[in-house]
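Heads up, the thing below is written out as structure tokens.
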Amino acid sequence: MTEAVGSTSLVRLENVNKHFGTLHVLKDIDLDIARGEVVVAIGPSGAGKSTLCRVINRLETIDSGTITFDGKSLAVEGRALAQLRSEVGMVFQSFNLFAHKTILENVTLGPIRVRKIPRDQAEKRGMELLERVGIASQAQKYPAQLSGGQQQRVAIARALAMDPKMILFDEPTSALDPEMVQEVLDVMIALARDGMTMLVVTHEMGFARRAANRVVFMADGAVVEQNTPDEFFTNPGTDRARDFLSKILTH
Amino acid sequence: MGALVEEFPVILGAFWLTIRLTLASAAAALVLGTVLAAMRVSPFGVLRGVATVYVNTLRNTPLTLVIVFCGLGLGLVLDVSFSESLSVNYLWLSIIGLSAYTAAFVCEAIRSGINTVPVGQAEAARALGLTFTQNLRFIVLPQAFRAIIAPLGSLLIALTKNTTVAAAIGVAEASLTMKSLFERHQDSVVAIFFGFALAFLVLTLPTGLFFGWLSRRLKVVR
Numbered sequence: 001m002t003e004a005v006g007s008t009s010l011v012r013l014e015n016v017n018k019h020f021g022t023l024h025v026l027k028d029i030d031l032d033i034a035r036g037e038v039v040v041a042i043g044p045s046g047a048g049k050s051t052l053c054r055v056i057n058r059l060e061t062i063d064s065g066t067i068t069f070d071g072k073s074l075a076v077e078g079r080a081l082a083q084l085r086s087e088v089g090m091v092f093q094s095f096n097l098f099a100h101k102t103i104l105e106n107v108t109l110g111p112i113r114v115r116k117i118p119r120d121q122a123e124k125r126g127m128e129l130l131e132r133v134g135i136a137s138q139a140q141k142y143p144a145q146l147s148g149g150q151q152q153r154v155a156i157a158r159a160l161a162m163d164p165k166m167i168l169f170d171e172p173t174s175a176l177d178p179e180m181v182q183e184v185l186d187v188m189i190a191l192a193r194d195g196m197t198m199l200v201v202t203h204e205m206g207f208a209r210r211a212a213n214r215v216v217f218m219a220d221g222a223v224v225e226q227n228t229p230d231e232f233f234t235n236p237g238t239d240r241a242r243d244f245l246s247k248i249l250t251h
Numbered sequence: 001m002g003a004l005v006e007e008f009p010v011i012l013g014a015f016w017l018t019i020r021l022t023l024a025s026a027a028a029a030l031v032l033g034t035v036l037a038a039m040r041v042s043p044f045g046v047l048r049g050v051a052t053v054y055v056n057t058l059r060n061t062p063l064t065l066v067i068v069f070c071g072l073g074l075g076l077v078l079d080v081s082f083s084e085s086l087s088v089n090y091l092w093l094s095i096i097g098l099s100a101y102t103a104a105f106v107c108e109a110i111r112s113g114i115n116t117v118p119v120g121q122a123e124a125a126r127a128l129g130l131t132f133t134q135n136l137r138f139i140v141l142p143q144a145f146r147a148i149i150a151p152l153g154s155l156l157i158a159l160t161k162n163t164t165v166a167a168a169i170g171v172a173e174a175s176l177t178m179k180s181l182f183e184r185h186q187d188s189v190v191a192i193f194f195g196f197a198l199a200f201l202v203l204t205l206p207t208g209l210f211f212g213w214l215s216r217r218l219k220v221v222r
């Protein structure tokens, strides 16, 4: 699948800087993500991985630099921004399913309200997606009635329902009980195989090895090195990365 | 007791007016309060400013002053008129005063309800491409309202009792009627007083119970 990756870039970050108060969370970030590419961002906490994820659909603003998505500069506000967001799916650490809506309503809300797709059509497609992530039998339940793993799979279906050009995953398995991690990773691996463009912030090295085209290692707000998973894990190029890997891979 | 029985139709009419005052003002206050709350959380500084000034002014002005302003200021000075009949006109003016006053409290209740909705809910909606208005309408406000049903019930109870202030501009609701009955039946003042107090309880107690039940039923499980 690695070879199937297109060469045209879908997202391009150039010289991106971001501060939270005095904290410099993103330092001169340059990053290209090609169509169909699966990029995994890893690194110690506080490295700016989540912020990197969130600036791409402008859930966080940036202080300087440029971000282009699909050839267009990122809109600042209003309808153009909403339009961009509808093309970039997002899966959160804490799922963030709409608590007052059923599972099916969670998946159909975006298509109906943003894409203006007729309800019956959106529901048909919603059920197909829930089928795909293995939750179809729970369609009429509410989020709180589902396990964490099930909720996260619904969140992935909700993102897919918008037919996004890309999906951002912000630590999608970090809030899950250990026995539920694999069911979510399986769905993500299947997505990667189907050619979805993905940026995944995760601590799951197994996923990075199996599904990623590229690993981006971040520390202290900067991209320290990036490489193919094989090369990165077996032969890291920087001390910072070696140090990080030795801490997480030994036990 | 005799006075209560004798004047029963009058008392019933007065409380019917109290109920109508309450329901009309509640409906208007709910609409206005929701608009104000939306303004207070909007990304536009001007809207936020206007709503903040409104809420702080109305919330900190005694209701009697608000009602008198509506009756004298709007009614007499500015000559705002809804009807040929003077009593109907003052009824409408008092509804304006009551709802304008109550809306400030409704707005603050809704705003506290919005604060109970986790940030992630609005973020997920934004990430889907919902606009600010859609986000409020489909995601944030429905959850906010479910969180504040009990406090809204308290506001409705307060409003029911506050309608008595409309007496200040001569609206013949329950309390003004009670006063005129006192004058007509000076031997049964205590009975009349307790009769009216009981009737208010009959209105307000079920309101509180109903809203408590509704709030448990519609609670958002997280």
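If you're matching them up, the sequences are chains A and B in order.
Going letter by letter, the first sequence gives residues 1 to 251 in the UniProt record's numbering.
Going letter by letter, the second sequence gives residues 1 to 222 in the UniProt record's numbering.
In this text, a Cβ means the ideal position worked out from N, Cα and C, and glycines have one as well.
Assuming the contact rule is C-beta atoms closer than 8 angstroms, residue i and residue j should be a hit. Round their C-beta distance to whole Å, please.
| i | j | result |
| --- | --- | --- |
| Ile67 (chain A) | Ile103 (chain A) | About 33 angstroms separates the two Cβ atoms, so there is no contact after all. |
| Pro229 (chain A) | Arg209 (chain A) | 5 angstroms |
| Thr18 (chain B) | Thr163 (chain B) | 5 angstroms |
| Leu97 (chain A) | Ala155 (chain A) | 6 angstroms |
Following the continuous beta strand (DSSP E) through residue i, name the residue where it begins and the one where it ends.
| i | result |
| --- | --- |
| Glu225 (chain A) | 222 to 227 |
| Met198 (chain A) | 197 to 201 |
| Arg12 (chain A) | 9 to 20 |
| Ala34 (chain A) | 23 to 34 |
| Ile67 (chain A) | 64 to 69 |
Is there at least one Cβ from chain A nearer than 9 angstroms to residue i's Cβ?
| i | result |
| --- | --- |
| Gln186 (chain B) | no |
| Lys41 (chain B) | Here residue 41 (chain B) turns out to be Val, not Lys, going by the sequence shown. No, Val41 (chain B) lies away from the interface with chain A (no Cβ there is under 9 angstroms from its Cβ). |
| Ile139 (chain B) | yes |
| Leu136 (chain B) | no |
| Ala124 (chain B) | yes |
| Leu214 (chain B) | no |
| Leu30 (chain B) | no |
| Leu152 (chain B) | no |
| Ala127 (chain B) | yes |
| Gly113 (chain B) | no |
| Arg48 (chain B) | no |
| Leu12 (chain B) | no |
| Gly45 (chain B) | no |
| Pro62 (chain B) | no |
| Gly120 (chain B) | yes |
| Leu23 (chain B) | no |
| Arg222 (chain B) | yes |
Using a beta-carbon distance below 9 angstroms, is residue i in contact with chain B?
| i | result |
| --- | --- |
| Asp158 (chain A) | It is Arg, not Asp, that sits at residue 158 (chain A) in the sequence shown. Output row for Arg158 (chain A): interface = yes. |
| Val88 (chain A) | yes |
| Thr2 (chain A) | Caution is warranted here: a pLDDT of 44 is assigned to Thr2 (chain A), below 50, making its placement in the model unreliable, and the coordinate value is therefore given only provisionally. No, because no Cβ of chain B sits closer than 9 angstroms to the Cβ of Thr2 (chain A). |
| Ala192 (chain A) | no |
| Gln138 (chain A) | no |
| Gly134 (chain A) | no |
| Gly148 (chain A) | no |
| Gln226 (chain A) | no |
| Met198 (chain A) | no |
| Gly126 (chain A) | no |
| Glu131 (chain A) | no |
| Ser50 (chain A) | no |
| Gln83 (chain A) | yes |
| Ala175 (chain A) | no |
Opposite residue i in the DSSP bridges: which residues?
| i | result |
| --- | --- |
| Phe217 (chain A) | A:Ile42, A:Glu225 |
| Met166 (chain A) | A:Val88, A:Thr197 |
| Ser73 (chain A) | A:Thr68 |
Assuming residue i is part of the alpha helix (DSSP H), what are its boundary residues?
| i | result |
| --- | --- |
| Leu32 (chain B) | 8 to 40 |
| Asp187 (chain B) | First-last for Asp187 (chain B): undefined, no H or E at that position. |
| Arg125 (chain A) | 119 to 132 |
| Ser154 (chain B) | 149 to 162 |
| Ser112 (chain B) | 86 to 116 |
| Ala208 (chain A) | 205 to 211 |
| Gln138 (chain A) | That residue, Gln138 (chain A), is in no alpha helix (DSSP H); it is neither H nor E in DSSP. |
| Ala161 (chain A) | It is not in any alpha helix (DSSP H) - Ala161 (chain A) carries neither H nor E in the DSSP assignment. |
| Leu47 (chain B) | 45 to 59 |
| Gln121 (chain B) | 119 to 128 |
| Cys53 (chain A) | 49 to 56 |
Practice prompt. Determine, using beta-carbon pairs with one atom in the segment 105 to 112 of chain A and one in the segment 64 to 78 of chain A, whether at least three such pairs fall under 8 angstroms.
Written response: At 8 angstroms Cβ cutoff, the stretches do not touch.
Fill in: the segment 38 to 57 of chain A / the segment 195 to 213 of chain A touching (three or more Cβ pairs under 8 angstroms)
In short, these stretches touch, since the Cβ pair count reaches three.
Fill in: Validate contact between the segment 137 to 154 of chain B and the segment 121 to 129 of chain A using beta carbons, cut 8 angstroms, 3 pairs
No contact exists between the segment 137 to 154 of chain B and the segment 121 to 129 of chain A.
Worksheet item: Counting pairs of Cβ atoms below 8 angstroms between the segment 46 to 64 of chain A and the segment 26 to 35 of chain A, do you hit three or more?
Response: At 8 angstroms Cβ cutoff, the stretches touch.
Discussion item. Count Cβ pairs between the segment 57 to 69 of chain B and the segment 158 to 172 of chain B that sit closer than 8 angstroms; are there 3 or more?
Written reply: A contact exists between the segment 57 to 69 of chain B and the segment 158 to 172 of chain B.
Discussion item. I want to know whether the segment 167 to 180 of chain B touches the segment 78 to 95 of chain B - three or more CB-CB distances under 8 angstroms.
Written reply: As far as the Cβ criterion goes, the segment 167 to 180 of chain B touches the segment 78 to 95 of chain B, which means the pair count is three or higher.
Discussion item. Below 8 angstroms, how does it come out for the segment 113 to 129 of chain B and the segment 179 to 195 of chain B: are there three or more Cβ pairs, yes or no?
Written reply: Between the segment 113 to 129 of chain B and the segment 179 to 195 of chain B, the count of C-beta pairs closer than 8 angstroms stays below three; the two stretches do not touch.
Worksheet item: Touching or not, the segment 113 to 120 of chain B and the segment 134 to 148 of chain B, by the rule of three or more beta carbon pairs under 8 angstroms?
Response: A contact exists between the segment 113 to 120 of chain B and the segment 134 to 148 of chain B.
Worksheet item: Okay, do the segment 183 to 192 of chain A and the segment 6 to 17 of chain A touch, 3+ Cβ pairs below 8 angstroms being the bar?
Response: No, because fewer than three Cβ pairs between the segment 183 to 192 of chain A and the segment 6 to 17 of chain A fall closer than 8 angstroms, the two stretches do not touch.
Worksheet item: Quick one: any contact between the segment 1 to 8 of chain B and the segment 67 to 82 of chain B, if contact means 3 or more CB pairs under 8 angstroms?
Response: Too few Cβ pairs lie closer than 8 angstroms, so no.
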